[in-house]
Amino acid sequence: MTDTLQLWLLFVAVGVGTFLIRLSFIQLHGSAEALINRSKHILMLLPPAILAALCIPAIIFSRPLTDYQVEYFQLAAALVAILIARFSRSVFWPVVGGMLCLWLLRFISS
Amino acid sequence: MNNCRKQFWLGVRDLLPLVSGVLPFGLIVGATGVSLGMTPEMVVGMSALFFAGSAQLAAYSLIQDNAPFIIILATAVVINLRFAIYSAAFAPLLGPLPKRYRFTLAYMLSDQTYGLCSMPEQMAKTTPERIGYLAGVTLALYVTWLVSVILGIALGAGIPPHWSLEFTIPLAFLAMLVTTITSRLLFMVAVISGSCAVLFQLLPFNTGFIVAVVAGVSGGLLLPGLLKTKGATHD
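So the sequences go chain by chain: A and B.
This note's numbering puts the last residue of the first sequence at 110; the count rises by one with no breaks.
This note's numbering puts the last residue of the second sequence at 1235; the count rises by one with no breaks.
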């Protein structure tokens, strides 16, 4: 997936797909009440499932994955990010705190 | 019409306090994009087409892993499924509009639009007023997002690779994860999905991600029933 043209095709495809999701119920207005009520529960469960699947392997192991090499500094950075996220409820400050922790640990150990 | 325009600018004004949340996220998206070796044009084009930061970050990490086209597309679409909720919420308002307004406003629906436009004081307004307000919020957000990404690109281009800027991606997802977990059930969903993602990360074509999400959601659907029957037998 490094070919430029292929990446542009991907971006357009995701753009169209996302637009169709955003348009979905607006376009179906008046004929989809039952479908909305049935899918609400699944849509509520999706965010934690997706986010956990995205971040947990990338935090525990080094990327790109060649063997199961656990990255302890990244784990420590993640703990800091979790602590900050519990208080700040934003995305920015946990990222800043986690990165500072990672850089600090690497600086000390080098 | 005049009143509608007034509502538009009111929407723009109400978005301004949210810039403090959008700007840093845009900076991260822009900076990590160039740190993965994409050209600035590609990062801006991607942001304009996606207009969805978390899907874009997910696409980054899959592009980095050399995942196949269809998996990246499926992942981004699954992440954006939440927009269906907003679409349902605004269907009565935007559904009857002429096509060009309906499509443009639908294209720019976002978490922030949903947050601002579904407040009780907005619901009390007339339909044209609400549409004007919504248009103001969405357009202002779209511009803010692109400007933040461009600033991020300018910033990210100067950061050396050994700073591991790409680690901001999982950290950002982790922060979002913490804020979405509002109940014990959602915590269990995250635990199931996260463990499966670790177990299955060497599956071919990065299908492990899809497997993990399906396992997490199935767990969330089945667990309450299982726990209830278990509790009933104890009684």
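Every residue, glycine too, gets a C-beta built ideally from N, C-alpha and C.
What does residue i pair with, by DSSP beta-bridge criteria?
| i | result |
| --- | --- |
| A/Phe61 | A/Val70 |
Can the beta-carbon of residue i be found closer than 8 angstroms to that of residue j?
| i | j | result |
| --- | --- | --- |
| B/Asp1014 | B/Val1213 | no |
| B/Ile1192 | B/Gly1216 | yes |
| B/Ala1055 | A/Thr18 | yes |
| A/Ala77 | B/Leu1171 | yes |
| B/Val1189 | B/Gly1219 | yes |
| B/Ala1058 | B/Ile1079 | yes |
| A/His29 | B/Ala1091 | yes |
| B/Leu1223 | A/Leu10 | no |
| A/Leu105 | A/Phe73 | yes |
| B/Leu1094 | B/Ala1084 | no |
| A/Gln6 | B/Phe1187 | no |
| B/Val1077 | A/Val12 | no |
| A/Leu75 | A/Ile60 | yes |
| B/Val1043 | B/Ile1159 | no |
| B/Thr1179 | A/Ala85 | yes |
Buried or exposed: which applies to residue i, given that a residue is buried once 16 or more other Cβ atoms fall within 10 Å of its Cβ?
| i | result |
| --- | --- |
| A/Ser31 | exposed |
| B/Pro1128 | exposed |
| B/Phe1025 | buried |
| B/Pro1017 | exposed |
| B/Thr1075 | buried |
| B/Ser1164 | buried |
| B/Asp1235 | Its pLDDT being 43, under 50, B/Asp1235 is placed unreliably by the model, and the measurement read from it follows with that caveat. Result: exposed. |
| B/Ser1118 | exposed |
| A/Arg22 | buried |
| A/Met44 | buried |
| B/Ala1135 | buried |
| B/Thr1168 | buried |
| B/Ser1110 | buried |
| A/Pro57 | buried |
| B/Phe1209 | buried |
| A/Leu46 | buried |
| B/Arg1100 | exposed |
| B/Met1038 | buried |
| A/Val70 | exposed |
| B/Leu1096 | Note on residue identity: the sequence assigns Pro, not Leu, to residue 1096 of chain B. Exposed, by the Cβ-count rule. |
| B/Pro1098 | exposed |
| A/Ala34 | exposed |
| B/Pro1120 | exposed |
| A/Val16 | exposed |
| A/Pro94 | buried |
| B/Leu1116 | buried |
| B/Arg1130 | buried |
| A/Arg38 | exposed |
| B/Arg1184 | exposed |
CB-CB under 8 angstroms to residue i, same chain, minus the five flanking residues each way: which ones, in chain order?
| i | result |
| --- | --- |
| B/Leu1036 | Tyr1060, Ile1063, Gln1064, Glu1166 |
| B/Val1022 | Gln1112, Leu1141, Thr1144, Trp1145, Ser1148 |
| B/Met1108 | Phe1051, Thr1138, Leu1139, Leu1141, Tyr1142 |
| B/Lys1125 | Gln1007, Tyr1133 |
| A/Tyr68 | Phe61 |
With a CB to CB cut of under 6 angstroms and the five nearest residues on each side skipped, what residues in its chain are close to residue i?
| i | result |
| --- | --- |
| B/Val1149 | Gly1026, Val1029, Gly1030, Ser1047 |
| B/Tyr1114 | Tyr1086 |
| B/Leu1226 | none |
| B/Cys1004 | Pro1128, Gly1132 |
| B/Val1012 | Gly1136, Ala1140 |
| B/Val1123 | Note that residue 1123 of chain B is Met in the sequence shown here, rather than Val. If we look at B/Met1123 and ignore the five residues flanking it on each side, it has no Cβ neighbours. |
| A/Leu102 | Phe73, Ala77 |
| B/Leu1155 | Ala1031 |
| B/Arg1102 | Leu1094 |
| B/Pro1040 | Ile1153 |
Tell me which residues share the same chain as residue i and place their Cβ nearer than 7 angstroms to its Cβ, disregarding the 5 neighbours each side in the sequence.
| i | result |
| --- | --- |
| B/Arg1009 | The amino acid occupying residue 1009 of chain B in the given sequence is Trp; Arg does not appear at that position. Correct list, in chain order: Gly1136. |
| A/Gly98 | Ala77, Ala78, Val80, Ala81 |
| B/Gly1194 | none |
| B/Ala1157 | Val1034 |
| B/Ala1089 | Tyr1114, Ser1118 |
| B/Val1019 | Thr1144 |
Return yes when at least one heavy atom of the ligand NAP lies under 7 angstroms from the C-beta of residue i, else no.
| i | result |
| --- | --- |
| B/Gln1201 | The ligand NAP is not part of this structure, which contains no ligands at all. |
Count the CB pairs spanning the region 1202-1221 of chain B and the region 1021-1033 of chain B that are closer than 8 angstroms, and state whether there are at least three.
no
Using a Cβ distance threshold of 8 angstroms, determine whether the region 1136-1147 of chain B contacts the region 1040-1058 of chain B, with at least three qualifying pairs required.
The answer is yes - the region 1040-1058 of chain B touches the region 1136-1147 of chain B, with three or more Cβ pairs under 8 angstroms.
Quick test of the definition: if touching needs 3 or more C-beta pairs under 8 angstroms, does the region 1169-1177 of chain B touch the region 80-94 of chain A?
yes
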